[in-house]
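Peer 1: These protein sequence lines are chains A and B, in that order. All residue numbers for the first sequence refer to the numbering used here, where the first residue is 13 and numbers rise by one. All residue numbers for the second sequence refer to the numbering used here, where the first residue is 916 and numbers rise by one.
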Amino acid sequence: GAVVSQHPSWVICKSGTSVKIECRSLDFQATTMFWYRQFPKQSLMLMATSNEGSKATYEQGVEKDKFLINHASLTLSTLTVTSAHPEDSSFYICSARDEGRSGHLGETQYFGPGTRLLVL
Amino acid sequence: TQLLEQSPQFLSIQEGENLTVYCNSSSVFSSLQWYRQEPGEGPVLLVTVVTGGEVKKLKRLTFQFGDARKDSSLHITAAQPGDTGLYLCAALNTGGFKTIFGAGTRLFVKA
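Written out as structure tokens, the structure reads:
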């Protein structure tokens, strides 16, 4: 199956600093990647859709200036949490579909292992 | 708005018991995925069902796709503590762009 990696796996930072999270598709190319946020004991909440070579599409209620997304290549998307505050502490997960495959194989989302962010 | 309604939301059972998780919708999907997520990790794909009426087995897990491709179920036989986790069903929306997720079923299997 397709593999998606995330880095770092966890990060602790001081309030007011910025944190960058990387999401890579290791064995396939993805023009589109997705960023999710997950609160404890809850399902995934889609934050934004990352589009290679163009602006990301943000879900309602997600501040685009707060969560900067860059998708500079077909295998890498980054999420930068700017001026992080304790309320930004969460589990962030990225995903991608292997668009080079057809049918249901191209419909399946593959997730990264997640990044746990703790803002002090 | 397309929705996937998952039930139950929470399940706590003893080791050795059987259980079924349901994922229902009023929409027809071309395929549906089941994931398991353990604490501190990303969701891991368990199976994709594609054909109406399809049944897939993965060891003690049995997945079924409804004949009309609107619903699916996950049955676990003789649950073990290692089955503990969050189970999510997911499907691509009609536009074929976003994946929609069920709210998840949190399973806890006690030894």
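Each residue gets a CB set at the ideal place from its N, CA and C atoms; glycine is no exception.
Along chain A, which residues have their Cβ under 9 Å away from the Cβ of S945(B)?
Peer 2: Against chain A, a Cβ distance below 9 Å from S945(B) picks out G115, H116 and E119.
Peer 1: Determine the DSSP secondary structure at H97(A), reduced to helix, strand or coil.
Peer 2: Note: H97(A) maps to coil in three-state DSSP.
Peer 1: Of the choices F40(A), K26(A), S27(A) and S17(A), whose alpha-carbon is the least far from that of E34(A)?
Peer 2: S17(A)
Peer 1: Would you identify the three-state DSSP class for G997(B), choosing helix, strand or coil?
Peer 2: helix
Peer 1: Using a Cβ cut-off of 9 Å, which residues of the segment 88–101 of chain A contact any Cβ in chain B, in chain order?
Peer 2: none
Peer 1: Under a three-way DSSP split, which group does L117(A) fall into?
Peer 2: helix
Peer 1: Of the choices Q929(B), C938(B) and Q948(B), whose alpha-carbon is the least far from that of A1006(B)?
Peer 2: Q948(B)
Peer 1: Grouping DSSP H, G and I as helix and E and B as strand, with all else coil, what is N939(B)?
Peer 2: strand
Peer 1: Answer yes or no: do R984(B) and S922(B) have a C-beta to C-beta separation smaller than 9 Å?
Peer 2: no
Peer 1: DSSP state of S66(A), grouped into three classes?
Peer 2: coil
Peer 1: Taking G931(B) as the reference, give the member of Q924(B), G1017(B) and T999(B) with the closest Cα.
Peer 2: Nearest option by C-alpha distance: T999(B).
Peer 1: With 9 Å set as the bound, which would you pick, yes or no: does the beta-carbon of S107(A) sit closer than that to a beta-carbon of chain B?
Peer 2: yes
Peer 1: Beta-carbon within less than 6 Å of T992(B)'s beta-carbon, same chain only, minus the 5 sequence neighbours each way: which residues are those?
Peer 2: N933 and R975
Peer 1: So T92(A) packs on V31(A), CB below 8 Å; how close in whole Å?
Peer 2: 7 Å
Peer 1: Would you report the Cα separation of Q41(A) and T87(A), rounded to the nearest angstrom?
Peer 2: Going by the C-alpha atoms only, they are around 5 Å apart.
Peer 1: May I ask which residues mark the beginning and end of the beta strand (DSSP E) holding D986(B)?
Peer 2: D986 to I991
Peer 1: Would L58(A) and K1013(B) be called neighbours here (beta carbons separated by less than 9 Å)?
Peer 2: yes
Peer 1: Using the beta-carbon of each residue, which ones in chain A are nearer than 8 Å to V965(B)?
Peer 2: G115 and H116
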